[in-house]
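Protein chains in written order, with our numbering: chain A, -17 to 291; chain B, 3 to 278. All C-beta atoms in this analysis are idealised placements derived from N, C-alpha and C, irrespective of residue type, glycine included. Written below as structure tokens is the structure these notes are about.
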């Protein structure tokens, strides 16, 4: 995902001389070529997330198109007030690219985990929140970002993320992508969990359960038309994300359900992190599994939920 | 006194008087830190920035950022006397349903014409200003970026992050002005958080530092003119030694004028002392 980011950014920078890249001393061995090619349109502001975000806002205010790249947890926590006041409040069209969504930096510990960023970013007026599932979606969002004239938060996983989409996709910010049709329920997944969601659907299919699957790359604005249509169509709605179950995709979908005023006959379950810091050290796969977020556990929980209904 | 000095003095006098009138009406306070900045604002808007309504859209314009956004009333009055907003608009200060908040809000986002950046939380102007200065450099644009900060604001770590950045990238078109009135919110800077020799601190971060009397128009003008978009070099930091409440005898160096606004009787004293 990281290499898709820098490659697509270079493409954009070649045709648009306002495009620039700002890093906060991250991305060793990723940006060297970009820096050589675009010289002053690449800046490393050092380990200083407040100034990192403010500088991005100032660049945008004075006509540049800055893509500011940093580790999710540092950028969205230390730089939060700057994101709120300098980017969102003042409507400066900065593209914030966060690497290390969820447990991407699992073994590094909770300082490097990203449990709250989606919740924080989707609360902010003027902010759009996108979590691409794979390099194909990442490329699509990057292409859409160039002319996107508002603050944009793109949350990616780690350096190498597997491809989920086989071929071309039809991508539009705010519109979920149907990846699989079904009849027994629908699973909305976002970002790095879409790949796991595909496995969940395959496991369930072996038990005769057919779930529809959507990649909800955009969490804000949430695709409420799609969610409302799914409420009519499916008896059960599930969400899956590598983020706290409070405040992320699940909450965004839940808000749409509640606002509809017609939740009586809908089964709704959010899969995400519990309200805790990771209690132990572990890899992404280990920690996700410890919360029941591996494909096997999610499939089993969905089966049990549907059985009870 | 040179003619331009007299003009600036007249401008500053009018601003002080109108600020007192506005704050007497709205009770929005922060007059002390406004009065300590008004001479700097006056030199900027009369002699340095060279702005009019049309120029505000010119990418080659000089940019002024008020980072100590709490002196919004003093800034609005300055903008009115500089012809960037109408004098009638001063009636709208903190009025329900209007755009004239107690802290400045950028024109393009429900704010006031001539306000280039929304402010209110301290320690943001230097970073945004540095980004703007870099963007100007990158696009070969003329014009400098001037940022007015408080000395209490320099308690914020973000100010020092920006100073490092501006120095590393040789932003000679960035001028940070510190209104060194030595009084912050809860006490003097020495009592609250003694920052010692601020000028030496900025110099050690790689900035070109000038320490001036922030009420001396010649010194203010000379210092402000060191900013340049021509050659990459050090950013400029002006430590402007000022008096909080300058221009009203009962306010000068009195902490409470961070919070109070002049009542009718005090307003009359101000008018008298300003020669009105």
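(message) Can you confirm whether residue 33 of chain A, when its beta carbon is compared against all beta carbons of chain B, has any partner nearer than 8 angstroms?
(response) yes
(message) Please report the distance separating the alpha-carbon of residue 20 of chain B from that of residue 270 of chain B.
(response) 12 angstroms
(request) Indicate the three-state DSSP secondary structure (helix, strand or coil) for residue 66 of chain B in the structure shown. (result) strand
(message) So that I know if they touch, is there some Cβ in chain B lying closer than 8 angstroms to that of residue 40 of chain A?
(response) yes
(message) Considering only the alpha carbon of each residue, which of A/23, A/148, A/100 lies closest to residue 138 of chain B?
(response) A/23
(request) Return helix, strand or coil for residue -15 of chain A, following the three-state DSSP convention. (result) helix
(message) One question on the structure: do residue 64 of chain A and residue 111 of chain B come within less than 8 angstroms of each other, judged by their Cβ atoms?
(response) no
(request) Check each residue of the segment 43 to 58 of chain A: if its Cβ is closer than 9 angstroms to any Cβ of chain B, include it; give the result in chain order. (result) 43, 44, 45, 46, 48
(request) Following the continuous alpha helix (DSSP H) through residue 83 of chain B, name the residue where it begins and the one where it ends. (result) 74 to 83
(request) Express the C-alpha separation of residue 54 of chain B and residue 158 of chain A in angstroms, rounding to a whole number. (result) 47 angstroms
(message) For residue 70 of chain B and residue 176 of chain B, which I take to be in contact (beta-carbon distance under 8 angstroms), what is that distance rounded to the nearest angstrom?
(response) So it is not a contact: roughly 17 angstroms between Cβ atoms.
(message) Give me the chain B residues within the contact set of residue 11 of chain A, using Cβ-Cβ distance strictly less than 9 angstroms, ordered along the chain.
(response) Chain B residues near residue 11 of chain A: none, gap ~22 angstroms exceeds 9 angstroms.
(request) Please name the residue in B/201, B/16, B/73, B/49 whose C-alpha comes closest to that of residue 31 of chain B. (result) B/73
(message) Tell me the rounded alpha-carbon separation between residue 148 of chain A and residue 120 of chain A.
(response) 14 angstroms
(message) Could you pull the DSSP bridge partners for residue 3 of chain A from this structure?
(response) A/24, A/49
(request) Measure the alpha-carbon distance for residue 215 of chain A versus residue 160 of chain A and round it to whole angstroms. (result) 14 angstroms
(request) Have a look at residue 187 of chain A and residue 82 of chain A and give me their C-alpha separation to the nearest angstrom. (result) 31 angstroms
(request) Indicate whether the contact test is met: 3 or more Cβ pairs, each with one atom in the segment 198 to 205 of chain B and one in the segment 130 to 148 of chain B, closer than 8 angstroms. (result) no
(request) Determine the chain B residues that contact residue 68 of chain A at a beta-carbon separation under 7 angstroms, and present them in chain order. (result) 126, 130
(request) Report the option in A/273, A/-9, A/68, A/276 whose CA atom is closest to the CA atom of residue 124 of chain A. (result) A/-9
(message) Which residues in chain B have a C-beta closer than 8 angstroms to the C-beta of residue 180 of chain A? List them in chain order.
(response) Near residue 180 of chain A there are no residues of chain B at all, since even the closest Cβ is about 41 angstroms away, more than 8 angstroms.
(message) For a contact defined as C-beta to C-beta under 8 angstroms, what are the partners of residue 64 of chain A on chain B?
(response) 126, 129, 160
(message) What residue range does the beta strand (DSSP E) around residue 252 of chain A cover?
(response) 249 to 255
(request) With 8 angstroms as the threshold, decide whether the Cβ of residue 23 of chain A is near any Cβ in chain B. (result) yes
(request) Pair every Cβ in the segment 94 to 114 of chain A with every Cβ in the segment 279 to 290 of chain A, then say whether three or more of these pairs are closer than 8 angstroms. (result) no
(message) I need the straight-line Cα distance from residue 298 of chain A to residue 117 of chain A, nearest angstrom please.
(response) With chain A covering only -17 through 291, there is no way to say anything about residue 298 of chain A.
(message) Taking only three categories from DSSP, how would you classify residue 240 of chain A?
(response) helix
(request) Report the residue ranges of all alpha helix (DSSP H) runs contained in full by the segment 136 to 222 of chain B; include only those spanning at least 4 residues, in chain order. (result) 159 to 170, 191 to 195, 200 to 206
(request) Please list the partners that residue 73 of chain A has in chain B, where partner means a Cβ-to-Cβ separation under 9 angstroms. (result) 108, 110, 111
(message) Considering only their Cβ atoms, is the gap separating residue 9 of chain A from residue 225 of chain A smaller than 8 angstroms?
(response) no
(request) Using three-state DSSP, classify residue 233 of chain A as helix, strand or coil. (result) helix
(request) Determine which residues of the segment 135 to 159 of chain B have a Cβ less than 9 angstroms from any Cβ of chain A, and write them out in chain order. (result) 135, 136, 137, 138, 139, 140, 141, 143, 147, 158, 159
(request) Name the two residues that bound the continuous alpha helix (DSSP H) containing residue 28 of chain B. (result) 5 to 28
(request) Kindly indicate which three-state DSSP category residue 162 of chain A falls into: helix, strand or coil? (result) strand
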